[in-house]
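Numbering (this note's numbering), first residue to last: 0 to 512. Every residue gets a Cβ at the ideal spot worked out from N, C-alpha and C, and that includes glycine. Since the structure is predicted, the reported quantities are computational estimates derived from the model, not experimental observations.
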């Protein structure tokens, strides 16, 4: 407690730092970088709290919404530069051609995402005014920014602060409020702690303690009961094909042969009920791979096979999943609908084609076309599966928009693009949170790893490590009960944030009059 009571001294020091522009810039960038160490592969949640605490203290001493917005941008720039550092990897697949773009892409992405935090912090400062309770608007601003980040321009909710809790009991709160809600609660706890200790108010300390106990109790009560595993075994194929070789014609045949061999390997116990290959695991177009599918059926020895492949319709191309049964015929199951902007398609490319600019149009073979939307596929005894391809698993709304509740989620991905350090591990954490949020097991099949079977509590039951070629025979975890978040999503959080903001706006108008 004596250490906590020294926090006013820390606040005074922060005030002095905030008054020095150069020091303020460096401090905010460093605070953001420190907070990012809560993301995988580090998952040091304490550093996220320290970084957010520093940022909140700086925000308290901002003199205007404009100054607060700049602080939010600097903190976000440090945070997202570290969190998104894996983004440089795609540019080094062909370093001679694209390597020079890597730092510009990373800083451009980090700076762009940080703009939303700047907007949230500036809005929070404006709402706070001179109110003694103005601190409450800082977590409100952060929450608004996170919701916008998940929706604006198709959204990119990667690396939110709430993800830092994945290996703690607090992660189970996501079944009620999602990752965005968990981020808001984290910011709220940090702000309450800072204000209570700085003010040396007994009521404040009691309030923070009560909030901590409530969060712990909610985490314990919200944990989805762990159902029994199903009797079904899934074989996950992980070929570990390097991205720079994957599409090389000289390598393609051996790449496919490896997957056939892994498919045909006799099991230690019962034969797999389903075999799954990762995203774009066949380096040919569907219409050019017809001779392959009888070989797949033979290797599978009667088990159905789901595999990722590209398919074409006229001049349009789709990133797809197909099913190959014992008859050796491939039947389309799902076309990816949530495409990566500038990676899989150029925004407004088809619109530009209408005025004669066809160089960016998916309908003229430039990039992928989007599928019609989420699909729930009935696999008989295996239940109903919601297939997702690559980063579609980052978006909770893509699961909520499914036509019906599935029994499990399949994520087929090629994480070779993400490198071999933070990217694939952060992608895995996202999938683990989808399992918690929706009370559904997630089966993750990745080209270079990490392939995994994840239960409804987000626990990895079995996995294949990064950079490892092989197969994993995993029992399909059982389906949990439908969670509150699965029913309502982020709507209550958004409504609450709007209500708090409206109260502040009405209060300011009354004061001005």
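Let's see if you can read the secondary structure: which residues bound the alpha helix (DSSP H) around residue 110? Residue numbering aside, residue 110 sits at position 111 when the chain shown is read from its first letter. Run containing residue 110: 101-127, per the alpha helix (DSSP H) assignment.
Rounded to a whole number of angstroms, what is the C-alpha to C-alpha distance between residue 391 and residue 154? The residue labelled residue 391 in the question sits at position 392 within the chain shown. The residue labelled residue 154 in the question sits at position 155 within the chain shown. Using only the alpha carbons, I get a separation of about 11 Å.
Could you check the C-alpha separation between residue 102 and residue 462 for me, to the nearest Å? Residue mapping note: residue 102 aligns to position 103 of the chain shown, counting from 1. Residue mapping note: residue 462 aligns to position 463 of the chain shown, counting from 1. Roughly 32 Å between the two C-alpha positions.
With distance defined between alpha-carbon atoms, name the residue in 404, 412, 133 nearest to residue 306. If you number the chain shown from 1, residue 306 lands on position 307. Of the listed residues, the one whose Cα sits closest to residue 306 is 412.
Roughly how many angstroms lie between the CA atoms of residue 330 and residue 280, to the nearest whole one? Translated into the one-based positions of the chain shown, residue 330 becomes position 331. Translated into the one-based positions of the chain shown, residue 280 becomes position 281. Going by the C-alpha atoms only, they are around 16 Å apart.
Which ranges would you report for the alpha helix (DSSP H) in the segment 451-493 if only whole runs of at least 4 residues count? 483-487
Reference residue 383; option with closest CA among 371, 310, 477, 182: Locating residue 383 in the chain shown gives position 384, counting from the first residue. Cα-wise, what sits closest to residue 383 is 477.
Would DSSP call residue 378 helix, strand or coil? For the purposes of this step, residue 378 is taken as the residue at position 379 of the chain shown. Coil at residue 378, not helix or strand.
My output table needs one value for residue 191: the three-state DSSP class, helix, strand or coil. The residue you call residue 191 lines up with position 192 of the chain shown. Three-state DSSP puts residue 191 in a helix.
Does the Cβ-Cβ distance between residue 51 and residue 189 come in under 7 Å? What you label residue 51 is simply residue 52 of the chain shown in a count that begins at 1. What you label residue 189 is simply residue 190 of the chain shown in a count that begins at 1. Cβ distance < 7 Å, so residue 51 and residue 189 count as in contact.
Counting only runs of 4+ residues fully inside the segment 38-102, write out the alpha helix (DSSP H) ranges in chain order. 44-59, 64-82, 94-97
Could you check what DSSP says for residue 310 in three-state terms: helix, strand or coil? Here residue 310 corresponds to residue number 311 of the chain shown, with the count starting at 1. Three-state result, residue 310: strand.
Just curious, the alpha helix (DSSP H) that residue 383 is in, first and last residue? By 1-based counting over the chain shown, the position of residue 383 is 384. That residue, residue 383, is in no alpha helix (DSSP H); its beta strand (DSSP E) goes 383-388.
Backbone CA spacing between residue 418 and residue 149 [nearest angstrom]: Here residue 418 refers to the residue found at position 419 when the chain shown is read from its first residue. Here residue 149 refers to the residue found at position 150 when the chain shown is read from its first residue. Rounded to the nearest angstrom, the two C-alpha atoms are 23 Å apart.
Write down the C-beta distance between residue 420 and residue 162 rounded to the nearest angstrom, noting that I regard them as a contact closer than 8 Å. Counting from one through the chain shown, the residue named residue 420 turns up at place 421. Counting from one through the chain shown, the residue named residue 162 turns up at place 163. About 16 Å separates the two Cβ atoms, so there is no contact after all.
Sequence-distant residues of its chain with Cβ nearer than 8 Å to residue 354 (five each side left out): Stepping through the chain shown from its first residue, residue 354 is reached at position 355. Here the model assigns residue 354 a pLDDT of 45, short of 50, so the residue's position is not dependable and the matter cannot be decided.
Give the DSSP-derived three-state secondary structure of residue 317 in the structure shown. As a first step, residue 317 is located in the chain shown; it is residue number 318 there, counting from the start. Three-state DSSP puts residue 317 in a strand.
Taking residue 282 as the reference, which of 303, 55, 251, 301 has the closest Cα? Looking up residue 282 in the chain shown gives position 283. That would be 251, whose Cα lies nearest to the Cα of residue 282.
Alpha-carbon spacing of residue 350 relative to residue 399, whole angstroms: Against the chain shown, residue 350 aligns to sequence position 351. Against the chain shown, residue 399 aligns to sequence position 400. Confidence at residue 350 is low in this model, with a pLDDT of 47, below 50, so its placement is unreliable and no value can be given for it.
Which same chain residues end up closer than 7 Å to residue 302 when comparing Cβ atoms and leaving out the 5 residues on each side of it in sequence? If you number the chain shown from 1, residue 302 lands on position 303. Excluding positions up to five away in sequence, the list reads 270, 271, 272, 273, 274.
At which residues does the alpha helix (DSSP H) containing residue 242 begin and terminate? Along the chain shown, one-based indexing puts residue 242 at 243. Start and end: 242-245.
For the structure I just gave you, are there three or more beta carbon pairs, one from the segment 253-268 and one from the segment 366-375, closer than 8 Å? no
Is the distance from the Cβ of residue 393 to the Cβ of residue 424 below 7 Å? For the purposes of this step, residue 393 is identified with residue 394 of the chain shown, where counting begins at 1. For the purposes of this step, residue 424 is identified with residue 425 of the chain shown, where counting begins at 1. For residue 393 and residue 424, no; Cβs fall outside 7 Å.
Could you check where the beta strand (DSSP E) with residue 232 kicks off and where it finishes? Your numbering for residue 232 matches position 233 in the chain shown. Element bounds for residue 232: 232-237.
Starting from residue 136, trace the alpha helix (DSSP H) in both directions and tell me its first and last residue. Indexing the chain shown from 1 puts residue 136 at position 137. Run containing residue 136: 136-148, per the alpha helix (DSSP H) assignment.
I need the boundaries of the alpha helix (DSSP H) containing residue 298, first residue and last residue. The residue labelled residue 298 in the question sits at position 299 within the chain shown. Segment 291-299, the alpha helix (DSSP H) holding residue 298.
Our contact map puts residue 121 next to residue 68 with C-beta atoms below 8 Å; I'd like the distance itself, whole angstroms only. One-based indexing of the chain shown puts residue 121 at position 122. One-based indexing of the chain shown puts residue 68 at position 69. Between residue 68 and residue 121 the Cβ distance is about 3 Å, and since that is below 8 Å, they are a contact.
Residue 262 - containing alpha helix (DSSP H), residue span: Locating residue 262 in the chain shown gives position 263, counting from the first residue. Start and end: 248-263.
Determine, using beta carbons only, whether residue 397 and residue 373 come nearer to each other than 7 Å. As a first step, residue 397 is located in the chain shown; it is residue number 398 there, counting from the start. As a first step, residue 373 is located in the chain shown; it is residue number 374 there, counting from the start. Yes, these two residues count as a Cβ contact at 7 Å.
Environment of residue 455 [buried if 16+ CB atoms lie within 10 Å]: In the chain shown, counting from the first residue as 1, residue 455 sits at position 456. Buried, by the Cβ-count rule.
Buried or exposed: where does residue 403 fall if 16 or more other Cβ atoms within 10 Å of its Cβ makes it buried? In the chain shown, residue 403 corresponds to position 404, counting from 1. Result: exposed.
Does the segment 489-500 come close enough to the segment 241-250 that 3 or more CB-CB pairs lie under 8 Å? no
Segment limits, alpha helix (DSSP H) that includes residue 431: As a first step, residue 431 is located in the chain shown; it is residue number 432 there, counting from the start. Looking at the DSSP string, the run of the alpha helix (DSSP H) that includes residue 431 is 421-437.
Backbone secondary structure at residue 12 - three-state DSSP: Here residue 12 refers to the residue found at position 13 when the chain shown is read from its first residue. Three-state DSSP puts residue 12 in a helix.
How would you call residue 286, buried or exposed, if buried means at least 16 neighbouring beta carbons within 10 angstroms? Within the chain shown, numbered from 1, the residue matching residue 286 stands at position 287. Under this definition residue 286 is an exposed residue.
First and last residue of the beta strand (DSSP E) that includes residue 282? Position 283 of the chain shown holds residue 282. Note, residue 282: beta strand (DSSP E), 281-284.
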